[in-house]
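Enquirer: Attaching a single structure in structure tokens format; questions to follow.
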Amino acid sequence: MVYYRRLGEVPRKRHSQFRGADGALYHEEMQGEEGFTWTQSFLYHRRIPTAITAAESHPDGGGPLLPNDPLLPRHLRTHAFKAGGDPILDRRVLMGNSDVTISYVAADTDSPLYRNAVGDELVYVEAGSAVLESSYGRMPVGDGDYVVIPTSTTHRWRLLGDELRLFVVTASGGGHIRPPKRFMSPFGQFLDGSPFNERDIRGPEELTSAEGPAEVYVRHRRGVTRYDYAYHPFDVVGWDGYNYPYALSIRDFTPSTGALHLPPPTYITFEGPGFVICSFVPRMFDYHPDAVKVPYNHANVDSDEVLFYCGGDFMSRAGTGIGMGSISLHPAGYIHGPQPGSAEKSLKVARTEEYAVMVDTFRPLDLGPGLSEAEDPDYAWSWARGAGIDVGG
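Be aware that the sequence shown starts at 1, since it is given in UniProt numbering, and climbs by one per residue.
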């Protein structure tokens, strides 16, 4: 994360004696990034956090990724996924590459304890509410929240309703998901003019106290292992540092506007190794008197583009079947743009009311096993059909 937080009790000096009321020494754990050279947090446990009593392999739930061949734009209707399972182990892998994995889950039960030891996770809450419990404490989240979970954070999801729908972006090649460098000072403060800042970011609110043994599922570079721990990882009396899970509501992202159309990098919200994540939110349309207010046709020369449509009215995609919960993939090498007729319809419209999350990757995305369950087979031909052109596909 980008600035200092502290919760509970910590000693005045790192690596110094810190004891409970009974005189027992607390156990210090450092969670850091990039070895010992980047941001760190220090957690203080009542019991040693290292004692495992059993370990076994667990199916990783991924499945093979297949090339997007023939190269086609894709449309997935995620609301076709019926609720079932937990927010972690029952994710459906939709697409991915050596840098990133994109998944979706419609959960109806709490998750087990979990730790991703490969890379950071960014979870967008499409619907429902939950509490993210971690070694850092409890953090309530709800629809419209981005939740960033740093690598190796032990956590679980507690549902607050019957269903929780999550769009998940994982830095599966390793590395970290952070706010864009251009919005930050060299010392990590958000600059004036950035589309969000420290006041918009929420961290854990209170510690989660737990005792006794615990099972923890750990994703590592070769699969998933289930550990039995002698002591619960949530026995933390306090922590401080710069590395912790946090939430940002997409509604707190303040968009830029211009006289003429601004390109997608204007809306970058997070960046990871080999990908960026953008937020499209309600905003005033372009105000030049001759502005064409929907995006121009474009070819993704260096990236595959994924859009998750999560609220409002998607004017430029009218007639394609895209709606709430849709995910579109427009791969590099394919020219795409608004549907026929939408440019003319936009000319007298003052503002857009849509919410969408975009992931741009800089390596080609392969297709995951979850894609076939919800794919719209007619999407690739929607531009031709919208223009009254017969197609055989």
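Beta carbons are placed, not taken as given, at the ideal position from N, Cα and C, and that holds for glycine.
1) Jot down the residue ranges of each uninterrupted beta strand (DSSP E) in the UniProt domain "Homogentisate 1,2-dioxygenase N-terminal" (104-247), minimum 3 residues, whole runs only, in chain order.
2) With Ser41 as the anchor, note down where its beta strand (DSSP E) starts and where it stops.
3) What whole-angstrom Cβ distance do Ala247 and Asp145 have, given they're in contact under 8 Å?
4) Taking only the alpha-carbon atoms, compute the straight-line gap between Asp304 and Arg351 and give it to the nearest angstrom.
5) Grouping DSSP H, G and I as helix and E and B as strand, with all else coil, what is Glu33?
6) Would the stretch 233-240 and the stretch 206-215 be scored as touching if the rule is three or more Cβ pairs under 8 Å?
7) To which residues does DSSP link Asp360 through a beta bridge?
8) Helix, strand or coil, according to DSSP, for Tyr329 in the structure here?
9) Please state the DSSP three-state secondary structure of Asp252.
10) Which of the three DSSP states is assigned to Ala80 in this structure?
11) State the DSSP-derived secondary structure class of Thr53, mapped to helix, strand or coil.
12) Hey, Asp376 and Gly321: beta-carbon distance below 7 Å or not?
13) Would DSSP call Gly393 helix, strand or coil?
14) Quick check: what's the CA-CA separation for Leu191 versus Phe183?
15) Measuring alpha carbon to alpha carbon, tell me which residue in Thr151, Pro331, Ile250 is nearest Thr361.
16) Specify whether the stretch 112-122 and the stretch 220-234 touch according to this definition: at least 3 beta carbon pairs, one from each stretch, less than 8 Å apart.
17) Could you check if Ser326 is buried or exposed, using at least 16 other CB atoms within 10 Å of its CB as the buried criterion?
18) Suppose contacts are defined by Cβ-Cβ distances below 7 Å. Is Lys293 in contact with Asp286 by that definition?
Expert: The structure says:
1) 113-116, 121-127, 129-134, 137-142, 145-149, 155-159, 164-170, 214-220, 223-229, 236-241
2) Within the sequence shown, the letter at position 41 stands for residue 41. Ser41 -> beta strand (DSSP E) spans 40-45.
3) For the purposes of this step, residue 247 is taken as residue 247 along the sequence shown, with counting starting at 1. For the purposes of this step, residue 145 is taken as residue 145 along the sequence shown, with counting starting at 1. Yes, they are in contact, since the Cβ atoms of Ala247 and Asp145 sit about 5 Å apart, within 8 Å.
4) The count along the sequence shown starts at 1 and reaches residue 304 at position 304. The count along the sequence shown starts at 1 and reaches residue 351 at position 351. Answer to the nearest angstrom: the Cα atoms are 27 Å apart.
5) Counting from one through the sequence shown, the residue named residue 33 turns up at place 33. Glu33: coil per DSSP, three-state reduction.
6) yes
7) Residue numbering aside, residue 360 sits at position 360 when the sequence shown is read from its first letter. Paired residues: Val276, Glu305.
8) Here residue 329 corresponds to residue number 329 of the sequence shown, with the count starting at 1. A small correction: the amino acid at residue 329 is Leu; Tyr does not occupy that position in the sequence shown. Three-state result, Leu329: strand.
9) For the purposes of this step, residue 252 is taken as the residue at position 252 of the sequence shown. Helix, per DSSP.
10) Here residue 80 is taken as the residue at index 80 of the sequence shown, counted from 1. DSSP places Ala80 in helix when its eight states are reduced to three.
11) Translated into positions along the sequence shown, residue 53 becomes position 53. Here Thr53 sits in strand by DSSP.
12) On the sequence shown, residue 376 is found 376 positions in, with the first residue counted as 1. On the sequence shown, residue 321 is found 321 positions in, with the first residue counted as 1. Yes, Cβ-Cβ distance for Asp376 and Gly321 is below 7 Å.
13) Reading the sequence shown from its first residue, position 393 is the one you call residue 393. Only weak support is given to the placement of Gly393: the predicted model assigns it a pLDDT of 49, under 50, and the question is left unresolved by the model.
14) Your numbering for residue 191 matches position 191 in the sequence shown. Your numbering for residue 183 matches position 183 in the sequence shown. Using only the alpha carbons, I get a separation of about 6 Å.
15) Taking the first residue of the sequence shown as position 1, residue 361 is located at position 361. Selected option, being the one with the closest Cα: Pro331.
16) yes
17) Here residue 326 corresponds to residue number 326 of the sequence shown, with the count starting at 1. Its Cβ being crowded by 16 or more others within 10 Å, Ser326 is buried.
18) Translated into the one-based positions of the sequence shown, residue 293 becomes position 293. Translated into the one-based positions of the sequence shown, residue 286 becomes position 286. Taking 7 Å as the Cβ cut-off, Lys293 and Asp286 qualify as a contacting pair.
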